[in-house]
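**Student:**
There are 2 protein chains.
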Amino acid sequence: MATIRELARHCGVSVATVSRVFNTPEVVSQATRQKVEAAAAEIGYLPNESARTLATKKSNTIGLVWDIDHRRSGWRHPFLQEILVALKTALSAHGLHLLLLATGADGPDRHLRSIQRHNLDGVVLIDNGSRDPAVLGLAEAGIPCVALDLPLTGPRCTYVTSDNHGGAREAVSYLLARGHRRIATITGPARTGPGADRLDGFRAELAARGVPLPAEYVAQGDFYLDSGRNAMRDLLLLDTPPTAVFAAGDEMAVGAMQAATEAGLRVPAHVSIVGFDDIELAALIPPGLTTISQDRAGFGTAAAEALIAMIQAPEDAPPPSPIILPTSLVRRGTA
Amino acid sequence: MATIRELARHCGVSVATVSRVFNTPEVVSQATRQKVEAAAAEIGYLPNESARTLATKKSNTIGLVWDIDHRRSGWRHPFLQEILVALKTALSAHGLHLLLLATGADGPDRHLRSIQRHNLDGVVLIDNGSRDPAVLGLAEAGIPCVALDLPLTGPRCTYVTSDNHGGAREAVSYLLARGHRRIATITGPARTGPGADRLDGFRAELAARGVPLPAEYVAQGDFYLDSGRNAMRDLLLLDTPPTAVFAAGDEMAVGAMQAATEAGLRVPAHVSIVGFDDIELAALIPPGLTTISQDRAGFGTAAAEALIAMIQAPEDAPPPSPIILPTSLVRRGTA
DNA sequence: CGGGGGTATGTAACCGGTTTCAGGCAGCGT
DNA sequence: ACGCTGCCTGAAACCGGTTACATACCCCCG
Chain F
1 MATIRELARH
11 CGVSVATVSR
21 VFNTPEVVSQ
31 ATRQKVEAAA
41 AEIGYLPNES
51 ARTLATKKSN
61 TIGLVWDIDH
71 RRSGWRHPFL
81 QEILVALKTA
91 LSAHGLHLLL
101 LATGADGPDR
111 HLRSIQRHNL
121 DGVVLIDNGS
131 RDPAVLGLAE
141 AGIPCVALDL
151 PLTGPRCTYV
161 TSDNHGGARE
171 AVSYLLARGH
181 RRIATITGPA
191 RTGPGADRLD
201 GFRAELAARG
211 VPLPAEYVAQ
221 GDFYLDSGRN
231 AMRDLLLLDT
241 PPTAVFAAGD
251 EMAVGAMQAA
261 TEAGLRVPAH
271 VSIVGFDDIE
281 LAALIPPGLT
291 TISQDRAGFG
301 TAAAEALIAM
311 IQAPEDAPPP
321 SPIILPTSLV
331 RRGTA
Chain C
1001 MATIRELARH
1011 CGVSVATVSR
1021 VFNTPEVVSQ
1031 ATRQKVEAAA
1041 AEIGYLPNES
1051 ARTLATKKSN
1061 TIGLVWDIDH
1071 RRSGWRHPFL
1081 QEILVALKTA
1091 LSAHGLHLLL
1101 LATGADGPDR
1111 HLRSIQRHNL
1121 DGVVLIDNGS
1131 RDPAVLGLAE
1141 AGIPCVALDL
1151 PLTGPRCTYV
1161 TSDNHGGARE
1171 AVSYLLARGH
1181 RRIATITGPA
1191 RTGPGADRLD
1201 GFRAELAARG
1211 VPLPAEYVAQ
1221 GDFYLDSGRN
1231 AMRDLLLLDT
1241 PPTAVFAAGD
1251 EMAVGAMQAA
1261 TEAGLRVPAH
1271 VSIVGFDDIE
1281 LAALIPPGLT
1291 TISQDRAGFG
1301 TAAAEALIAM
1311 IQAPEDAPPP
1321 SPIILPTSLV
1331 RRGTA
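Those protein sequences? They're chains F and C, same order as listed. Residues 1 to 335 in my numbering are what the first sequence lists, from first letter to last. Residues 1001 to 1335 in my numbering are what the second sequence lists, from first letter to last.
1. How would you call residue 270/F, buried or exposed, if buried means at least 16 neighbouring beta carbons within 10 angstroms?
2. In chain order, what residues of the same chain have a beta carbon less than 7 Å from the beta carbon of residue 233/F, not counting five sequence neighbours either side?
3. Around the Cβ of residue 316/F, are there at least 16 other Cβ atoms within 10 angstroms (buried) or fewer (exposed)?
4. Looking at C-alpha atoms only, which residue of 1254/C, 1306/C, 1263/C is the closest neighbour of residue 1334/C?
5. Any idea what DSSP makes of residue 45/F, helix, strand or coil?
6. Strictly under 7 Å for the Cβ-Cβ distance: is residue 1/F near chain C by that measure?
7. Along chain F, in chain order, which residues have C-beta atoms closer than 7 Å to that of residue 1068/C?
8. So with Cβ pairs under 7 Å, would you call residue 1334/C a contact of chain F?
9. Which residue from 274/F, 181/F, 60/F, 292/F puts its Cα closest to that of residue 214/F?
10. Is it a yes or a no for the stretch 166-173 of chain F touching the stretch 143-158 of chain F, going by three-plus beta-carbon pairs under 8 Å?
11. Note down, one range per segment and in chain order, each beta strand (DSSP E) of at least 3 residues found wholly within the stretch 1172-1255 of chain C.
12. Give the straight-line distance between the Cα atoms of residue 114/F and residue 1095/C, rounded to the nearest whole angstrom.
13. For residue 122/F, name the three-state secondary structure that DSSP assigns.
14. Considering only C-alpha positions, which residue in the set 88/F, 240/F, 57/F is nearest to residue 1403/C?
15. Can you determine whether any heavy atom of the ligand FAD sits closer than 6 Å to the C-beta of residue 1209/C, and answer yes or no?
16. Please name the residue, chosen from 1081/C, 1057/C, 1283/C, that lies closest to residue 226/F on a Cα-to-Cα basis.
17. Considering only residues of the same chain and omitting the five flanking positions on each side of residue 1240/C, which have a CB-CB separation below 7 Å?
18. Measure the Cβ-Cβ separation of residue 266/F and residue 79/F and say whether it is below 7 Å.
19. Given a cut-off of 7 Å, decide if residue 330/F and residue 278/F are closer than it, judged by their beta-carbon atoms.
20. Would you list the one or two residues that DSSP bridges to residue 154/F?
21. In whole angstroms, what separates the C-alpha of residue 1310/C from that of residue 1323/C?
22. Please work out which residues of its chain come closer than 8 Å, Cβ to Cβ, to residue 1178/C, disregarding the five sequence neighbours upstream and downstream, and give them in chain order.
23. I'd like to confirm the pairing. Which residues does DSSP put opposite residue 291/F in its beta bridges?
24. List the residues that DSSP assigns as beta-bridge partners of residue 146/F.
25. If the cut-off is 7 Å on Cβ atoms, which residues from the stretch 1210-1231 of chain C count as contacting chain F, listed in chain order?
26. Below 8 Å, can you find three or more Cβ-Cβ pairs linking the stretch 1034-1048 of chain C to the stretch 1013-1021 of chain C?
27. Could you tell me which of 1199/C, 1224/C, 1201/C, 1184/C sits nearest to residue 1216/C, measuring between CA atoms?
28. What residues match up with residue 61/F in a beta bridge as DSSP calls it?
29. Using a beta-carbon distance cut-off of less than 8 Å, what residues from the stretch 269-282 of chain F approach chain C?
30. From what residue to what residue does the alpha helix (DSSP H) around residue 1138/C run?
31. Need the endpoints of the beta strand (DSSP E) that residue 1284/C sits in, please.
32. In terms of residue numbering, what span does the alpha helix (DSSP H) encompassing residue 1311/C cover?
33. Let's test the definition: count the other Cβ atoms within 10 Å of the Cβ of residue 1036/C and tell me whether it reaches 16, buried, or not, exposed.
34. Can you pull the chain F neighbours of residue 1285/C, defined as C-beta to C-beta under 7 Å?
35. For the stretch 1289-1300 of chain C, which residues have a beta carbon sitting closer than 9 Å to at least one beta carbon of chain F?
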């Protein structure tokens, strides 16, 4: 690898000039700039990132902190790949690199250290509902930070999430329009933003339309398949079982479909089901899961944009406002 | 952030000694070591990665190069998340960081530059079948490199893949044991390792058992759902349609199931289907897809181990041999 | 023709570590 | 007492960039 001094000697200028060609080309004369650029291309010079980071204290790198310990938490992300693609694409367009940090693998607190050690310019946080204090502390650490599906705010910290409240209302509204009046829900964990917001929206729409909601129509789930199946079993055992169920996640909706089938019921003839997420499976499982679709790539893109805005903004800029992505209902066979 | 000089002054030793405490603790006396360690903990000293990388030319970081441009290639990885988890976990255990590089987003060649600019210690390559020359060139660049599902070898380059050949043979063997003699296959793209190997295995097992394979029983697919559906439609239109189909990927198997259903056939009563991959959907779609399961986490773990071994080995060590992960048949409802 | 202002470039300090090399010191044998 | 050895420590060069500051030069104007 050629160094800046070699390149400088090679074309008879000082290292400062070479540096300027790459960083503030407008201050160097046309002639020398072209001379340096040509020589750089010829000998294949590439500025060393570590040296640059050391000198400027900016790494042009953002960290993705993600709880990896799915053995313990059982957590899997429904759209991780899409988010990664969108995030990386948007960051690359601004010359930013992406470093993967994992709370599970790196140990508690370790990612905070990593952020300092690497001079990271910002962080995006994928929520796992762990409420890890070290993760939450990031919001106050002053480093630009955007959380996904986790309502974290601070002077240089914001979050992006879907319109879970509105999506849930739309689902309920749709079921009401189809004539249902006995509508139950299978919730996500209350400690997660989406879990809480979808339940709120569900309640809000029923209340707004004057439809009663018996307490036993709210069944607790954890976003995973088995919890949906169990919850549905319980719902079907009620004296007056619901005619429609809004599951706060597609996996649970699939579990609910299985429970209904096992109980000898047909979907949607005997019971309607609406999910949330629009995972791949939703389109493939017969008769097709009606669900609320999220803007999967939007998470990554919005996170990148928010981060870049915060990085470029002055230290004391007003805190950014949260980004709420729109949802949309996808009609398929289950409702 | 405290620097090494501050820490040195703080406890009355030289910077060299502090550095040794962190890198070669065995050469510094017990007394000073403890003194330095205590002071480091007290003032929260953390060595700066960039400075370290600059001085040693080793970054303790490995790059994950991954073709992100799925808009063009339509490529999605079935187990990306599991691979990421296993890879990151294994790397973290050895103190290595993970940097995401994307051929689609970073532009052609850009990841090669990134590798040099960042002094990456190694690279893992997730194949997308693109045959990108810059990617393939990595094998010769001398940097430790392990490819996933792509038979790439070199002095410091190896790969990990499933036993695609054996898995395919097992699938065929199972169908033969169930009494089938008219067995067709839906292949993956021949340019991909798994696509080619699964077809080879399919052919080999039939040949070994003396079962004839008409040319029209080999239908071309591309691993995605639609191709499976189309291929199956064609197969069912033959004069003597197969009684069983081995699809080289689960998505195609699901497509094949759809085509069979659309043609008024029942699976497995009229036609049996075996897939490959054991994606999540396989267990959930009725009546459950019989398929060949891969060691998903094994990809990440094996890649990390191979990489670490290469990094620690002397430059002229013999090239590592490829890692072939075992597969296993999962019996469900379709065969 | 001399001075002022603006522009392009160079010099050298600095970022925070690692590492070579030299030297101090204690212990030991003679 | 002397020299030798081995262990521990420190001084300083170095990694490859950035940037504050100084300087050289040119042009224009009074």
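Note that beta-carbon positions come from the ideal geometry of N, C-alpha and C, so glycine has one too.
**Tutor:** According to the data block:
1. On the first sequence, position 270 is the one that residue 270/F refers to. Burial call: exposed.
2. In the first sequence, counting from the first residue as 1, residue 233/F sits at position 233. Cβ neighbours of residue 233/F beyond the five flanking positions: 259.
3. The residue labelled residue 316/F in the question sits at position 316 within the first sequence. The residue in question, residue 316/F, is exposed, as its Cβ has fewer than 16 Cβ neighbours within 10 Å.
4. Within the second sequence, residue 1334/C is the residue found at index 334, counting from 1. Cα-wise, what sits closest to residue 1334/C is 1254/C.
5. By 1-based counting over the first sequence, the position of residue 45/F is 45. In this structure, residue 45/F counts as coil in the three-state DSSP scheme.
6. Taking the first residue of the first sequence as 1, we reach residue 1/F at position 1. Yes, residue 1/F counts as interfacial toward chain C.
7. By one-based count along the second sequence, residue 1068/C stands at place 68. By Cβ distance, chain F contributes 85, 88, 89.
8. By one-based count along the second sequence, residue 1334/C stands at place 334. It does not: the Cβ of residue 1334/C has no partner Cβ on chain F nearer than 7 Å.
9. Residue mapping note: residue 214/F aligns to position 214 of the first sequence, counting from 1. Checking every option, the nearest Cα to that of residue 214/F belongs to 181/F.
10. no
11. 1183-1187, 1218-1220, 1244-1247
12. Taking the first residue of the first sequence as 1, we reach residue 114/F at position 114. Taking the first residue of the second sequence as 1, we reach residue 1095/C at position 95. The straight-line gap from Cα to Cα measures roughly 11 Å.
13. Within the first sequence, residue 122/F is the residue found at index 122, counting from 1. Residue 122/F falls in the strand class under three-state DSSP.
14. Past the boundaries of the shown model lies residue 1403/C; chain C is included only from 1001 to 1335, so the question cannot be answered.
15. You won't find the ligand FAD in this model; it holds no ligand whatsoever.
16. In the first sequence, residue 226/F corresponds to position 226, counting from 1. It is 1283/C.
17. Numbered from 1 along the second sequence, position 240 holds the residue referred to as residue 1240/C. Here the set comprises 1182.
18. As a first step, residue 266/F is located in the first sequence; it is residue number 266 there, counting from the start. As a first step, residue 79/F is located in the first sequence; it is residue number 79 there, counting from the start. Their beta carbons are not under 7 Å apart, which means residue 266/F does not touch residue 79/F by this criterion.
19. For the purposes of this step, residue 278/F is taken as residue 278 along the first sequence, with counting starting at 1. For the purposes of this step, residue 330/F is taken as residue 330 along the first sequence, with counting starting at 1. In contact: residue 278/F and residue 330/F (Cβ atoms closer than 7 Å).
20. Taking the first sequence and counting its residues from 1, the one referred to as residue 154/F is at position 154. DSSP output for residue 154/F lists 157/F as bridge partner(s).
21. Taking the second sequence and counting its residues from 1, one reaches residue 1310/C at position 310. Taking the second sequence and counting its residues from 1, one reaches residue 1323/C at position 323. The alpha-carbon atoms of residue 1310/C and residue 1323/C are separated by roughly 14 Å.
22. Walking along the second sequence from the start, residue 1178/C turns up at place 178. Counting only Cβ-Cβ distances below 8 Å, and skipping sequence neighbours, we find 1244, 1272, 1335.
23. What you label residue 291/F is simply residue 291 of the first sequence in a count that begins at 1. DSSP output for residue 291/F lists 275/F, 330/F as bridge partner(s).
24. Within the first sequence, residue 146/F is the residue found at index 146, counting from 1. DSSP, once it has assigned bridges, lists 124/F, 158/F as partnering residue 146/F.
25. none
26. yes
27. Mapped onto the second sequence, residue 1216/C falls at position 216. Among 1199/C, 1224/C, 1201/C, 1184/C, the Cα nearest to that of residue 1216/C belongs to 1184/C.
28. Against the first sequence, residue 61/F aligns to sequence position 61. Answer by DSSP bridge pairing, in chain order: 97/F.
29. 280, 281
30. By one-based count along the second sequence, residue 1138/C stands at place 138. Segment: none, residue 1138/C is in no alpha helix (DSSP H) and carries neither H nor E.
31. Numbered from its first residue, the second sequence carries residue 1284/C at position 284. Segment 1280-1284 is the alpha helix (DSSP H) holding residue 1284/C; no beta strand (DSSP E) there.
32. Locating residue 1311/C in the second sequence gives position 311, counting from the first residue. It spans 1296-1312 - the alpha helix (DSSP H) in which residue 1311/C sits, taken as one unbroken run.
33. Indexing the second sequence from 1 puts residue 1036/C at position 36. It counts as buried.
34. Taking the second sequence and counting its residues from 1, one reaches residue 1285/C at position 285. By Cβ distance, chain F contributes 284, 285.
35. none
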